[in-house]
Amino acid sequence: MQCVHQRPVVAKMKQTLLPDDLSMSTDPSPDCELQAAQAEIAELQQQVAELMMQKDDLERQVDERTAALHDARTELLRGERMSALGQLTATVSHELRNPLGALRTSLFMIQNKTKDKELGVERALGRADRSIDRCDHIITDMLDYARTSDVQAKMGNIDSWLDSVLEEQKIPEGVEIRRDARNPEMVVPFDGDRLRRAIINSYDNACHAMADEESGKERQLTIKSALNGMRFEISITDTGCGMDDATLDKIFEPLFSTKSYGVGLGMPTIKQTMEQHGGGVELTSTPGFGTTVVLWLPTEAAALGTAAA
Ligand SMILES: Nc1ncnc2c1ncn2[C@@H]1O[C@H](COP(=O)(O)OP(=O)(O)OP(=O)(O)O)[C@@H](O)[C@H]1O
Ligand SMILES: [Mg+2]
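As structure tokens, this is what we get:
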């Protein structure tokens, strides 16, 4: 038997509108009514399922928005805290520089006066000297990190500038330095003062990583510079201790350090400096084999958002 699934009202209307012979075929039998009810239930069930899906989707969206709002709030608070911390750091660091300078001068005088007198104070004076250096290093790190001003980029020959920065650095005993300049004529916009700190921080980290290596191991520090597409890349590769994934994950967190004497601001400062140049920093490392840090600069002045001089 052919059944037409119609709701009762529609079935009734058809009965009155259609000629008798035709309307007969739409007359709802109990079976038809049952099937119509089943169809209606199925339709309702589908609507309920769709509503549930929409509800789930809405809940997911609410969760996502809540998480985004929470992140934005945390970021805002972090930004405010960092800015207050930055100002405080800059002030305190500046204030500390003066007494530290006085200590250094006094120590120098004492060292001169006690020289060759065999008073047995040489080691203590040496320790005091190193401690002053250490304090100076911490202040420099903090001031570098607290600097949030825009980079003052000027067009310049990056390779000859890099050579001059490298010439100023101490070469640790037993370390072989290799220099590989692929595009020595390259001219790019950069802030020499800021980039210098990024190079020195990377260089120091590479030297520290090789300092505790067992005596038989080769110690090489390779500084390569090359144009790579639209980037000018300076890579610093060491054959030091390398890093595991846990260290790599935290390396840009301010104050993260695995060294007993480390401040943990070197890498965050490098990242900040490179990003302010419109570039970035990338790391690859293998525990026990070494690390490569790539500092890259955009080759176009436009990427900096500042007019190069
Ligand atoms: N070339 C490298 N090889 C191995 N580990 C490295 C290297 N560079 C950085 N690290 C790891 O990353 C950590 C953070 O480096 P970062 O320069 O920020 O701080 P730090 O060197 O410990 O202290 P400082 O602020 O005095 O530079 C280091 O403590 C070290 O564990
Ligand atoms: Mg460091």
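In the numbering used here, the protein residues as written are 9 to 317. Just so it is clear, CB atoms sit at the ideal spot from N, CA and C, and this is done for glycine as well. Just so you know, these numbers come straight off a predicted model, no measurement behind them.
The segment 205-215 makes contact with the segment 172-183, as at least three CB pairs between them are under 8 Å.
Ligand 1 never approaches S114 closely enough for any of its heavy atoms to be under 7 Å from the residue's Cβ.
Straight through space, the alpha carbons of T247 and T299 are spaced by roughly 7 Å.
Secondary structure at M251: coil, using DSSP grouped into helix, strand and coil.
Apart from the 5 residues on each side of it in sequence, S101 sits with its Cβ closer than 6 Å to the Cβ of I147, M150 and L151 in its chain, given in chain order. If you draw a straight line from the Cα of K63 to the Cα of Q69, it is about 10 Å long.
If you compare the alpha carbons of H285, G287 and P262 with that of M275, the shortest gap goes to P262. R112 has its alpha-carbon roughly 29 Å from the corresponding atom of F264. Here the C-alpha atom of L96 lies approximately 20 Å from the C-alpha atom of E83. With contacts defined by Cβ atoms closer than 8 Å, L104 and F198 do not form a contacting pair. Restricted to the segment 180-249, the alpha helix (DSSP H) segments that are unbroken, complete and at least 4 residues in length are 200-219, listed in chain order. With contacts defined by Cβ atoms closer than 8 Å, S243 and R190 do not form a contacting pair.
A contact is defined here as three or more CB-CB pairs under 8 Å, and the segment 157-168 meets this definition with respect to the segment 280-287. Only residues of its own chain outside the window of five on either side were considered, and among them T230 and T300 have a CB closer than 6 Å to the CB of T245, listed in chain order.
A direct Cα-Cα distance of roughly 12 Å separates P180 from A217.
The closest heavy atom of ligand 1 lies 7 Å or more from the beta carbon of G94. Comparing alpha-carbon positions, the option among D124, E226, Q53 and Q280 lying closest to G182 turns out to be E226. Within the chosen limit of 7 Å, ligand 1 reaches the beta carbon of S265 through at least one heavy atom. Here R239 has W304 as same chain residues with Cβ atoms under 6 Å from its own Cβ, once five neighbours each way along the sequence are excluded. Annotation for L85: the continuous alpha helix (DSSP H) segment containing it runs P38 to T122. Distance from the CA atom of T266 to the CA atom of M251, rounded to whole angstroms, is 10 Å. The C-alpha of A214 is placed about 18 Å away from the C-alpha of T281. The beta-bridge partner set that DSSP reports for P306 consists of R239.
Contact check for L256 against L291 passes: the beta carbons are separated by less than 8 Å. DSSP, reduced to helix, strand and coil, places V173 within a helical segment of the structure shown.
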